[in-house]
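Only one structure is covered here, and it is reproduced in the block below.
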Amino acid sequence: GAGVSQSPSNKVTEKGKDVELRCDPISGHTALYWYRQSLGQGLEFLIYFQGNSAPDKSGLPSDRFSAERTGGSVSTLTIQRTQQEDSAVYLCASSLLTRSEQYFGPGTRLTVT
Amino acid sequence: AQTVTQSQPEMSVQEAETVTLSCTYDTSESDYYLFWYKQPPSRQMILVIRQEAYKQQNATENRFSVNFQKAAKSFSLKISDSQLGDAAMYFCAYRSEGAQKLVFGQGTRLTINP
Chain A
3 GAGVSQSPSN KVTEKGKDVE LRCDPISGHT ALYWYRQSLG QGLEFLIYFQ
53 GNSAPDKSGL PSDRFSAERT GGSVSTLTIQ RTQQEDSAVY LCASSLLTRS
103 EQYFGPGTRL TVT
Chain B
965 AQTVTQSQPE MSVQEAETVT LSCTYDTSES DYYLFWYKQP PSRQMILVIR
1015 QEAYKQQNAT ENRFSVNFQK AAKSFSLKIS DSQLGDAAMY FCAYRSEGAQ
1065 KLVFGQGTRL TINP
């Protein structure tokens, strides 16, 4: 079956603009995760969804970052007023249930100029 | 907070040889899960192998096996009969029994020499 998909694959934006990153999890997966991969910080957890609710938002670095999930499926990560330090690869993962294996998408490479 | 350390930023091995990637972690918990993920240039993280802390037997998946030393908090990955397709970044990851998020190490870049 289809894996986790993310769009866009690459995004270049100007400092101060807002961006939206999209994640389509594997069909039927109830849990969805966002991670960020950057040179300086490595791989960091951002937020986790169970269904449409987010029990753990502890990794969101600032209030410029937000995420939502609708219909228990697609999730959108929004970064407002982007800064250069937001440049990174944003990875999405999903799992059938919480605490089961996480399957990752190919990521979105965000470059803030 | 749990931390994961991969002390080898880069490793290289000859094709068909065996290589071991190191990982140590710090935790006060007794129940947890450990993982090795592979990230090729395509960026997509692929699960290689997982280990439950309560299991004493080391996990094995074809050419991939782990050496899990719970007391030493060590979790190394052995790749046998290395193939060109094994070239990638390898990440060690930890997950608490009661949590959902993965905590990753810094990664090891593995090069396979033909």
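Just so you know, the protein sequences line up as chains A and B, in that order.
Under my numbering, the first residue of the first sequence carries the number 3, and numbering increases by one thereafter.
Under my numbering, the first residue of the second sequence carries the number 965, and numbering increases by one thereafter.
Glycine included, every Cβ here is placed at the ideal spot set by N, Cα and C.
Pick from the options that is closest to residue i, judged by C-alpha positions
i                  : options                                           : result
Glu-16 (chain A)   : A:Ser-55, A:Gln-85 and A:Phe-51                   : A:Gln-85
Ser-60 (chain A)   : A:Phe-47, A:Asn-54, A:Arg-66 and A:Arg-71         : A:Phe-47
Pro-1078 (chain B) : B:Thr-967, B:Gln-966 and B:Ala-980                : B:Ala-980
Gly-42 (chain A)   : A:Ser-97, A:Gly-107, A:Asp-88 and A:Leu-99        : A:Asp-88
Gln-1064 (chain B) : A:Ala-69, A:Phe-51, A:Ser-68 and A:Pro-27         : A:Phe-51
Cys-987 (chain B)  : B:Ser-1038, B:Tyr-1058, B:Lys-1042 and B:Phe-1028 : B:Ser-1038
Contacts around residue i, its chain only, beta-carbon distance under 7 Å, and the 5 residues preceding and following it disregarded
i                  : result
Asp-995 (chain B)  : Ala-1017, Tyr-1018 and Glu-1061
Leu-1048 (chain B) : Glu-979, Ile-1076 and Pro-1078
Lys-1034 (chain B) : Ala-1017
Chain-ordered chain B contacts of residue i [CB-CB under 7 Å]
i                : result
Glu-93 (chain A) : At residue 93 (chain A) the sequence reads Leu, which differs from the Glu that was named. Neighbours of Leu-93 (chain A) on chain B, chain order: Met-1009.
Asp-58 (chain A) : Gln-1064 and Lys-1065
Secondary structure of residue i, DSSP reduced to three states
i                  : result
Leu-98 (chain A)   : coil
Gly-44 (chain A)   : strand
Asp-88 (chain A)   : helix
Leu-1048 (chain B) : helix
Leu-34 (chain A)   : strand
Leu-1066 (chain B) : coil
Neighbour list for residue i in chain A, Cβ cutoff strictly below 8 Å
i                  : result
Arg-1073 (chain B) : Near Arg-1073 (chain B) there are no residues of chain A at all, since even the closest Cβ is about 13 Å away, more than 8 Å.
Phe-1032 (chain B) : In chain order: nothing, as chain A lies at least about 17 Å away.
Partners in chain B for residue i, counting only beta-carbon separations shorter than 8 Å
i                : result
Phe-67 (chain A) : By Cβ distance, chain B contributes nothing, its closest Cβ being about 15 Å from Phe-67 (chain A), past 8 Å.
Ala-33 (chain A) : Gln-1064
Cut-off 6 Å between Cβ atoms - residues of its own chain near residue i, not counting five sequence neighbours on either side
i                 : result
Arg-111 (chain A) : Asn-12 and Val-91
Pro-27 (chain A)  : Val-6, Leu-34 and Ser-96
Neighbouring residues, chain B, relative to residue i (Cβ below 9 Å)
i                : result
Gly-74 (chain A) : Residues of chain B passing the Cβ test: none, with the nearest at roughly 16 Å.
Partner residues on chain A for residue i, Cβ-Cβ distance less than 7 Å
i                  : result
Ser-1006 (chain B) : Pro-108
Gln-1070 (chain B) : Gly-44
Determine contact between the region 90–103 of chain A and the region 1001–1017 of chain B, defined as no fewer than three beta-carbon pairs at a distance below 8 Å.
-> A contact is defined here as three or more CB-CB pairs under 8 Å, and the region 90–103 of chain A meets this definition with respect to the region 1001–1017 of chain B.
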